[in-house]
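In what follows, a structure is listed as structure tokens, so that the remarks can point back to it.
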Amino acid sequence: MASLVSSHTFPDFSLSVWRHDEWGQAPPPPPTISLLKTQISILAMPAVWILAVSSALMYVTRYAINSWGVLYLQEGRGYSLAEATGLLTINTITGIVGAIAFGYVSDKFFKARRPPANLIFGLMEIAGLLIIFFGPTNVWVLSAGLALFGLGLTGLVTSVGGLFATDICPKRVSGAALGAIGVFSYLGAAVQENISGGLIEAGMKTVDGVKSYDFGPAILFWIGCSVVSLVLATSLWNVKLRD
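For the working numbering, add 13 to where a residue sits in the sequence shown, where the first one is 1.
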């Protein structure tokens with residue numbers, strides 16, 4: 014009778030329960046951070062901001078040549094429309110080579126470190142711009158400048174616009190980092206269109222119905238953006254890579 018009463022009065026109570034060391038229960042999982050919070054955390058990474066601004070400035074020069082290169086070659090260098098269009102295809106073709114070459118050079122010679130390759134390809138791009146705008150009016154020299162520009166620029170696009178970001182960001186937020194850099198890049202392209210157009214229009218004169226252009230301010234703007242972009246990309250020389 015006493016046992017019956019105790020069974021209904023007192024719950025089962027084992028030593029393991031009293032010691033809180035039950036064998037049949039797994040420890041609670043650690044608290045997880047939501048994916049959204051993890052992605053927003055990229056905004057606290059200075060390197061991502063530097064890459065975003067560097068990419069935006071690089072896109073200024075990239076789309077400046079795409080948008081205004083034909084006009085410059087016609088009005089500034091005296092080429093026909095067909096000749097100017099043909100010359101700019103050199104930039105496009107060598108750009109494909111530059112994208113492949115950047116990955117190979119940075120992996121092969123710098124053990125997947127991007128900043129040294131950024132410096133090399135950035136200097137190639139700027140050298141190409143100097144040849145295009147200040148070199149002799151020789152089609153072969155100009156072609157070499159366009160080839161050098163295409164190689165260097167697209168190599169930097171490969172790095173600053175994507176590859177470098179995936180190297181330094183956690184895998185879970187690499188897509189968000191690429192998206193943020195992409196937004197900055199195309200903002201740079203859009204701003205370029207307005208600023209370049211304004212500078213070129215301000216330097217345009219019409220005498221006896223004939224238009225002449227002063228590309229000087231626009232050229233300084235384009236080259237200046239490339240120089241600052243390179244400085245920013247190279248400033249991440251010692252940035253910590255993702256584990």
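In this text, a Cβ means the ideal position worked out from N, Cα and C, and glycines have one as well.
Check whether the Cβ atoms of residue i and residue j sit closer than 8 Å, and answer yes or no.
{"i": "residue 130", "j": "residue 249", "result": "no"}
{"i": "residue 197", "j": "residue 69", "result": "yes"}
{"i": "residue 166", "j": "residue 247", "result": "no"}
{"i": "residue 100", "j": "residue 164", "result": "no"}
{"i": "residue 234", "j": "residue 89", "result": "no"}
{"i": "residue 193", "j": "residue 112", "result": "no"}
Using the Cβ count rule (16 or more neighbours within 10 Å means buried), how would you classify residue i?
{"i": "residue 180", "result": "buried"}
{"i": "residue 56", "result": "exposed"}
{"i": "residue 133", "result": "buried"}
{"i": "residue 212", "result": "buried"}
{"i": "residue 93", "result": "exposed"}
{"i": "residue 85", "result": "buried"}
{"i": "residue 127", "result": "buried"}
{"i": "residue 155", "result": "buried"}
{"i": "residue 150", "result": "exposed"}
{"i": "residue 254", "result": "exposed"}
Reducing DSSP to helix, strand and coil, say where residue i ends up.
{"i": "residue 223", "result": "strand"}
{"i": "residue 218", "result": "strand"}
{"i": "residue 149", "result": "coil"}
{"i": "residue 228", "result": "coil"}
{"i": "residue 58", "result": "coil"}
{"i": "residue 127", "result": "helix"}
{"i": "residue 121", "result": "helix"}
{"i": "residue 253", "result": "coil"}
{"i": "residue 75", "result": "helix"}
{"i": "residue 238", "result": "helix"}
{"i": "residue 90", "result": "coil"}
{"i": "residue 248", "result": "coil"}
So residue i and residue j are supposed to be a Cβ contact under 8 Å. How far apart are they, rounded?
{"i": "residue 141", "j": "residue 162", "result": "3 Å"}
{"i": "residue 144", "j": "residue 157", "result": "7 Å"}
{"i": "residue 81", "j": "residue 209", "result": "6 Å"}
{"i": "residue 83", "j": "residue 97", "result": "5 Å"}
{"i": "residue 169", "j": "residue 135", "result": "6 Å"}
{"i": "residue 232", "j": "residue 146", "result": "5 Å"}
Is there a Cβ of chain D sitting closer than 8 Å to that of residue i, yes or no?
{"i": "residue 92", "result": "This model lacks chain D altogether, as it is built from one protein chain only."}
To which residues of the same chain is residue i closer than 6 Å at the C-beta, ignoring the five residues directly before and after it?
{"i": "residue 190", "result": "55, 61, 178, 182"}
{"i": "residue 202", "result": "72, 76"}
{"i": "residue 205", "result": "73, 76, 77"}
So, for residue i: in the same chain, excluding its five sequence neighbours on each side, which residues have a beta-carbon less than 8 Å away from its beta-carbon?
{"i": "residue 87", "result": "93, 94, 97"}
Are there any heavy atoms of the ligand GDP lying less than 7 Å away from the beta-carbon of residue i, as far as the coordinates show?
{"i": "residue 88", "result": "Annotation note on the ligand GDP: not contained in the displayed structure, which lists no ligands."}
To which residues of the same chain is residue i closer than 7 Å at the C-beta, ignoring the five residues directly before and after it?
{"i": "residue 67", "result": "173, 242, 245, 246"}
{"i": "residue 104", "result": "78, 159, 162, 163"}
{"i": "residue 188", "result": "none"}
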